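Have a look at the structure below before the remarks.
2 protein chains.
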Amino acid sequence: MLAKDMDLYIAGGSIIRAMFEDGLRLARRVGPENVHDFSLGNPNSPVPPEFNDAVRAVLDEEDSSFVHGYMTNAGYPDVRTAVAEDLNARFGGDYTAENVLMTAGAAPAMNIIFRTLLDPGDEVLVFSPFFPEYTYYVRNAGGVLRPVSADRRTFQPDPKALRAAIGPKVKALLINNPNNPTGAVYREEILRAVADVLTERSRSLGRPIYLVSDEPYRELVYEGAAAPWLPSLYPDTVVGYSWSKSLSVPGERIGYLLIPSSCADFPRMFLAAMTVARTAGYVNAPSLMQRTIRRCLDVWSDVGFYDRNRRTLCTALSDMGFRFAPPEGAFYLWLKVPDGDSAAFVRRAFSHNILLGDGTGFGCPGYVRLSYCVSHERILRALPAFEMLANEYNLK
Amino acid sequence: MLAKDMDLYIAGGSIIRAMFEDGLRLARRVGPENVHDFSLGNPNSPVPPEFNDAVRAVLDEEDSSFVHGYMTNAGYPDVRTAVAEDLNARFGGDYTAENVLMTAGAAPAMNIIFRTLLDPGDEVLVFSPFFPEYTYYVRNAGGVLRPVSADRRTFQPDPKALRAAIGPKVKALLINNPNNPTGAVYREEILRAVADVLTERSRSLGRPIYLVSDEPYRELVYEGAAAPWLPSLYPDTVVGYSWSKSLSVPGERIGYLLIPSSCADFPRMFLAAMTVARTAGYVNAPSLMQRTIRRCLDVWSDVGFYDRNRRTLCTALSDMGFRFAPPEGAFYLWLKVPDGDSAAFVRRAFSHNILLGDGTGFGCPGYVRLSYCVSHERILRALPAFEMLANEYNLK
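These protein sequence lines map, in sequence, to chains E and A. Sequential numbering from 1 applies to the first sequence in the numbering used here. Sequential numbering from 1 applies to the second sequence in the numbering used here.
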């Protein structure tokens, strides 16, 4: 009696619930402190105290009807201006409020831009492995997500594979940098090569291939790595951002979609995106959070929190003989499964009370994802279990 | 280069912007205090002070990582329980957290339920006139919205017309009570007749026709009117709610979708809706607002604020000779245009600095919508202009 494709949706949900319930059962059996859960990507660096202070200041200093009221669907003009100016200062753009559509996080930003761009059957390319929700975001707009394998050694984009994959139905390339699930931070020279491919193929197709950049992890980078600013490399780039990770406020749903004036069909594209946002029921980004963010543009949660985990984990796993490309961003480590059977690896890890994400779910079997957005104590407590797992695979 | 149907979206947006800009030009010419703007449905009863107090209490008393963090996509369990228990106390249900999906307002609730229910080409019926965004909400899910004329005298539902309209493709009836744009509050005996039609036609079709009740104005009722609780009249009813109007916080995007256990295909329907919500990018309702609402379930903004406007306006317009069914709910008055030409009426009103909504946009030409969610002073200041308009139409 429901829509026919809901079977698929419910099945997808069931796998996640089954994992979650396995974890709960395990916790009941061995105690929650003995479950080494590296399966969830929930930011857990503490919320900076400046954030709650900003909420209080908004309530104290701004008019309630204004703070909690409707505004234009794209967001409060002063907030959009502040976001634009912050981007200008950091990345050397010339953005204004007219380029910034405030959204309830990066997920709506992605849904909005795909609905704005795609006709039924249009294709969006993405480097694999990739965040599995992308499949839905593109399908919600009637499109089809087509993975293109990233370089299997570095997990950087592969411009040559991209060129081969761009057929007449391709409308956009989706890039997630820093990357979930690999933790890779894409290098500028490689992204320039990607931009060259897009430029060349756009010319031969006689229309722009848009670059959609999903950047919720932009601020989570380590050892001097930095995610290049894609709009400065390729004019037809739109950027989705969320403060979920940089301020550790994922429940609040606050972010933006940036549509630079350099995009083909600007400003029509912005008007369309704004209308899509309203009619899809997003209406506007939560108002108190918009007012709060305006006061927090120079505040970040502590990246050192994740970096300590990263360093401990990388050193220990490497010493145990595991293989992986050292992550430079986000809070994920992408581990190569010794014998290539990632489903079996996840099961064996579970027998040591370790919860991991099977790479198959990210479009890349033979690998597992470790989310290290956990307490440092959990990392330390998990190391003996990883050691046992390494021994089972005779890694040394 | 954008999706082909974006022309339609942009055109729709252009009409609204053109009206808005006409209003701005008028304000520059005659001064904003002399523009009688009755075109916007923005709640403006003051935000109850308890609301900001509740936000502060959440910040002071609850853990920041919890308050701003991810929770299950359906919302915080304790918030969902509190909402369920509040509904039980008020409407005599037996709801639990398992029936409550917290959403970013009623608009996402509608989008989520239609995506959950509709296959491409499925039809949703609605009594006209109706809120124009419904067309998009249904179309976003691949469905088609089909208006059924309400009783043209009372603007109550017309069960006979409904029976005639239910063909084999009809999956649901959408009801908005209290009603935008008419201000009608649907009567229980009429809704019972509607439920009887749905029951009878569901039986003959061999599958349930769902009743989708959009109730953002539920608390805005006058003179003892009350919107009947539809799930107690028809088992296959789902309810979308928003606190936008009852607390005057429309920017915050907080509401819920209630899926009673009596619905056919429960709990599968709830699981599907929850997955739709996540994959459509809504992810979860804003977390601080969820925590706040839990503390505000017994708080309402002042309905008397709108009632005073309503009484002043009804008395004055009636004395001038205008005709309308006196509104009992929401904050809209639905005026019959004397000669039936609503586009001309809107233009003539504009020449007296009055901004109105043409009924054509609500699927019902020959009427105009007055939104009386304005200050009482604005009502009083507008009366001479309405008097002049009445004289032009020789109403007395």
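Ideal placement from N, C-alpha and C gives every residue a C-beta, glycine not left out. Since we're looking at a predicted model, the values are computed, not measured.
Check: Do leucine 247(A) and phenylalanine 91(A) have their C-beta atoms within less than 9 Å of each other?; Outcome: no
Check: Are glycine 31(E) and serine 371(E) touching if we call contact CB-CB under 9 Å?; Outcome: no
Check: Residues of chain A with a CB under 9 Å from the CB of lysine 4(E): which are they?; Outcome: Asp119
Check: Kindly identify the DSSP beta-bridge partner or partners of methionine 102(A).; Outcome: Tyr256(A)
Check: Could you list which residues in chain A have their beta carbon closer than 9 Å to that of isoleucine 293(E), in chain order?; Outcome: Per Cβ cutoff of 9 Å: no residues; isoleucine 293(E) is ~12 Å from chain A at best.
Check: Return the Cβ separation of glycine 240(A) and glutamate 215(A) in integer angstroms, given the expectation that the two are a contact with Cβ distance under 8 Å.; Outcome: 7 Å
Check: Rounded to whole angstroms, what is the Cα-Cα separation between valine 148(E) and glycine 357(E)?; Outcome: 21 Å
Check: Along chain A, which residues have their Cβ under 9 Å away from the Cβ of glutamate 85(E)?; Outcome: Residues of chain A passing the Cβ test: none, with the nearest at roughly 22 Å.
Check: Counting only beta-carbon atoms, is isoleucine 112(E) nearer than 9 Å to chain A?; Outcome: yes
Check: Give me, in chain order, the residues of the same chain whose beta-carbon lies closer than 7 Å to that of cysteine 373(E); leave out the 5 immediate sequence neighbours on both sides.; Outcome: Gly41, Asn42, Pro43, Asn44, Tyr306, Phe331
Check: Using C-beta distances below 6 Å, list every residue in its chain close to phenylalanine 155(E), excluding the 5 sequence neighbours before and after it, in chain order.; Outcome: Thr182, Ala184, Ala325
Check: To the nearest whole angstrom, what separates the beta carbons of cysteine 81(E) and tyrosine 256(E), a pair I think is in contact under 8 Å?; Outcome: In the sequence as presented, cysteine is not what sits at residue 81(E); that position holds threonine. Not a contact, Cβ separation roughly 12 Å.
Check: Taking the straight line between their C-alpha atoms, what separation do you get for valine 213(E) and serine 242(E)?; Outcome: Contrary to the premise, residue 213(E) reads as serine rather than valine in this sequence. Near 12 Å, if we compare the C-alpha coordinates of serine 242(E) and serine 213(E).
Check: To test your reading of the DSSP string, which unbroken alpha helix (DSSP H) runs of 4 or more residues are found completely within the region 9-71 of chain A?; Outcome: 49-61, 64-67
Check: Quick one: is leucine 101(E) near chain A, going by C-beta distance under 9 Å?; Outcome: no
Check: Is the Cβ-Cβ distance between isoleucine 259(E) and asparagine 99(E) less than 9 Å?; Outcome: yes
Check: How would you list, in chain order, the residues of chain A whose beta-carbon sits under 7 Å from the beta-carbon of aspartate 298(E)?; Outcome: None at all; the shortest Cβ gap to chain A is about 18 Å.
Check: What are the complete alpha helix (DSSP H) segments, minimum 4 residues, inside the region 171-223 of chain E?; Outcome: 188-205
Check: Whose Cβ in chain D lies nearer than 7 Å to the Cβ of asparagine 44(E)?; Outcome: Looking at the structure shown, chain D is missing, and the protein chains on hand are E and A.
Check: Residues of chain E with a CB under 8 Å from the CB of isoleucine 10(A): which are they?; Outcome: Arg268, Leu271, Ala272, Thr275
Check: Between valine 144(E) and threonine 315(E), what straight-line distance do the alpha-carbon atoms span, to the nearest angstrom?; Outcome: 39 Å
Check: Between leucine 174(A) and glutamate 123(E), what straight-line distance do the alpha-carbon atoms span, to the nearest angstrom?; Outcome: 34 Å
Check: Would asparagine 180(A) and tyrosine 136(A) qualify as a contact pair, given that the criterion is a beta-carbon distance under 9 Å?; Outcome: no
Check: Hey, would you say arginine 369(A) sits closer than 9 Å to leucine 333(A), going by beta carbons?; Outcome: yes
Check: If you measure from the CB of arginine 146(E), is any heavy atom of the ligand FAD nearer than 8 Å?; Outcome: This structure simply doesn't include the ligand FAD, nor any ligand for that matter.
Check: Suppose contacts are defined by Cβ-Cβ distances below 9 Å. Is threonine 116(A) in contact with methionine 6(E) by that definition?; Outcome: yes
Check: Should the region 220-227 of chain E be regarded as contacting the region 75-89 of chain E, the criterion being three or more beta carbon pairs within less than 8 Å?; Outcome: no
Check: Examine chain A for any beta-carbon lying closer than 9 Å to the beta-carbon of alanine 349(E), and answer yes or no.; Outcome: no
Check: Got a sec: is the Cβ-Cβ distance from threonine 81(A) to anything in chain E below 9 Å?; Outcome: no
Check: Using a 10 Å radius around the Cβ and a threshold of 16 neighbouring Cβ atoms, would you call glutamate 61(E) buried or exposed?; Outcome: exposed
Check: In the structure shown, what three-state DSSP assignment does proline 286(A) receive?; Outcome: coil
Check: Closer than 7 Å by C-beta to valine 249(E): which residues in its own chain qualify, once you throw out the five before and the five after it? Chain order, please.; Outcome: Val47, Phe51, Trp243
Check: Does the CB of serine 371(E) have a neighbour CB from chain A at under 9 Å?; Outcome: no
Check: If we cut at 9 Å on Cβ distances, does threonine 360(A) have a partner in chain E?; Outcome: no
Check: Can you tell me whether lysine 169(E) is buried or exposed, with buried defined as 16 or more other CB within 10 angstroms of its CB?; Outcome: exposed
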